[in-house]
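Working notes for the structure below.
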Amino acid sequence: MNQPAFDPYTIRKDFPILSRRINDTLLVYLDSAATSQKPSRVLEAHAAFYRTSNANVHRAIHQLGEEATEAYEGSRVILASFIGAPDPNCCLFTRNTTEGLNLVANAWGRTHLGPGDEIVLTEMEHHSNIVPWQLVAREMGAVIRYVPITEEGRLDLDVLADLLGNRTRIVGVAHASNVLGTINPISEIARMAHDVGAIVVVDGAQSVPHMPVDVTALGADFLAFSSHKMCGPTGAGVLWGQRELLEEMPPFMGGGDMIDRVTKEGTTFAKLPYKFEAGTPDVAEVVAMGVAAEYLSDLGLDNIHAYETELVDYALDAIGTLAGVKIHGPRNGRASLVSFSLERVHPHDLSEFLNQDSIAVRAGHHCTHILHDVLGVPATTRASFAFYNTREEIDLLIASCRKALDFFG
Ligand code: PMP
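For the sequence shown, our numbering gives the first residue as 115, with consecutive numbering after it.
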């Protein structure tokens with residue numbers, strides 16, 4: 115293993131929860147794809163906001179109101195720079211990835227989709243990049259097509275090329291799959307989609323926290339991601355979009371803070387980004403998400419990606435030695451998670467067994483019914499890693515899996 119650019123054992127000290135013992139055994143947290151743990155810097159920033167600067171944003175003309183607004187808008191600048199977005203006002207604060215994708219489906223979809231129009235999704239999408247489109251498609255009479263996955267667990271781009279046509283309005287795709295770990299070639303997909311005049315909506319929930327993501331290089335039109343998967347608090351997220359598209363989209367929700375002028379006859383709306391931020395936002399969460407982005411940037415997204423790639427390679431080799439195992443997804447070029455099935459042990463039994471050894475993994479369909487139908491299994495076990503995990507923890511996972519194999523015989 116190359117010397118990592120940081121020492122994971124030192125980094126672990128930033129995360130108070132990682133010293134938690136359960137049944138007198140040190141926690142092994144391998145569920146960061148569901149939600150990441152939070153470093154003290156983020157926890158302190160969240161508490162400090164409430165202790166010293168808590169006020170509503172954009173309205174109050176008093177010291178606290180100004181501090182809160184400055185911190186909230188400062189976070190927008192940090193997040194924009196984090197994803198290489200030239201214009202912070204094109205970064206809308208949401209509650210999470212799900213809300214960002216619903217915003218696009220509703221605000222863009224309802225104004226641009228008509229009967230017979232086509233939305234192209236993929237078989238590996240999370241439900242949050244399927245269900246909003248199904249809801250809008252049903253109402254507008256649009257049709258959804260799905261790009262299949264290959265045997266290896268990559269998108270079949272030849273089929274995508276065949277599916278794209280003059281009825282395609284939208285291509286919705288995950289940057290990284292939360293089950294297969296596949297990292298999808300977004301810039302290539304965006305080129306193909308733009309050639310037929312479609313827009314590209316990227317689910318960045320599993321990529322933004324783990325690798326450098328630059329919206330300009332991606333070439334997509336929208337990118338959604340969640341704070342809680344990138345060491346920030348729950349209740350905050352970002353939807354970035356191309357300015358021209360955001361400008362012409364109607365609001366998603368109406369209320370305070372998103373208006374220019376309200377009369378009995380109707381309402382004119384505020385400029386970007388406020389048009390899409392109705393009501394009091396999750397101010398403390400947004401502020402702490404900015405601190406999380408700074409924390410990750412200080413570690414270096416390149417360093418994080420390199421370390422996690424080494425870790426996932428190690429995990430793939432180790433998990434591959436288990437009796438009767440099937441690992442889902444490609445061997446290389448993947449995000450830092452491994453989903454697998456053991457012939458003799460059901461995923462729920464396995465995760466319960468691992469829990470007795472204080473090892474936290476995920477078992478289930480991971481909000482990807484369509485993908486699991488394609489894989490032909492109702493559920494899988496998923497171990498997902500962050501830069502605060504170590505090889506030692508993967509060894510503990512394997513030892514516990516072996517015990518489970520013996521136990522379930
Ligand atoms: N997309 C992917 C690929 C995910 O892994 C998740 C979270 N499991 C989501 C979307 C939804 O994220 P959130 O629940 O934060 O909205």
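All residues carry an ideal CB built from backbone N, CA and C; glycine is no exception.
| Query | Result |
| --- | --- |
| What are the residues that DSSP puts in a beta bridge with His-442? | Ser-453 |
| According to DSSP, which residues form a beta bridge with Cys-205? | Trp-354 |
| Cβ of Leu-277 within 8 Å of Cβ of Val-316? | no |
| Taking 8 Å as the threshold (C-beta atoms), are Leu-353 and Ala-331 in contact? | no |
| Is the segment 320–327 touching the segment 407–419, taking contact as three or more C-beta pairs under 8 Å? | yes |
| Across which residues does DSSP place Leu-140 in a beta bridge pair? | Arg-135 |
| Identify which residue in Asp-412, Arg-448, Gly-188 has its Cα closest to the Cα of Ala-429. | Arg-448 |
| Any chance the CB of Ser-340 is under 7 Å from a heavy atom of ligand 1? | yes |
| Among the candidates Val-439, Tyr-409, Ser-291, Val-171, whose CA atom is the shortest distance from the CA of Glu-391? | Val-171 |
| Suppose the cutoff is 7 Å on Cβ atoms and the five residues either side in sequence are ignored; what does the same chain contact list for Leu-489 look like? | His-442 |
| Assuming Pro-444 and Gly-267 make a contact with CB atoms under 8 Å, what is their CB distance in whole Å? | 5 Å |
| So, helix, strand or coil for Thr-264, using DSSP? | coil |
| Assign Ala-407 to one of two classes, buried (16 or more other C-beta atoms within 10 Å of its C-beta) or exposed (fewer than that). | buried |
| What's the call for Asn-496, buried or exposed, on a 16-neighbour Cβ count within 10 Å? | The sequence given here has Arg at residue 496, not Asn. Buried, because 16 or more other Cβ atoms sit within 10 Å of the Cβ of Arg-496. |
| Can you tell me whether DSSP reads Phe-383 as helix, strand or coil? | strand |
| Decide if the segment 253–263 is in contact with the segment 191–208; the criterion is three or more beta carbon pairs, one per stretch, under 8 Å apart. | no |
| Just mark Asn-216 as buried or exposed, buried being the case when its beta carbon has 16 or more other beta carbons within 10 Å. | buried |
| In whole angstroms, give me the CA-to-CA distance for Ala-169 and Arg-190. | 17 Å |
| Answer yes or no: the CB of Ala-319 versus the heavy atoms of ligand 1, is any distance below 7 Å? | yes |
| Can at least three beta-carbon pairs, one atom from the segment 373–382 and one from the segment 307–314, be found at a separation below 8 Å? | no |
| Among Leu-519, Gly-223, Gly-188, Pro-130, which one has its Cα closest to the Cα of Leu-360? | Gly-223 |
| Cβ-heavy atom distance between His-240 and ligand 1 below 7 Å? | yes |
| Is the beta carbon of Arg-135 less than 8 Å from the beta carbon of Leu-144? | no |
| Have a look at Thr-124, Ser-150, Ala-162, Pro-122 and flag the residue whose alpha-carbon is nearest the alpha-carbon of Arg-476. | Ser-150 |
| Considering only C-alpha positions, which residue in the set Glu-237, Glu-253, Ile-244, Ala-221 is nearest to Pro-229? | Glu-253 |
| Helix, strand or coil: which one does DSSP assign to Ala-437? | coil |
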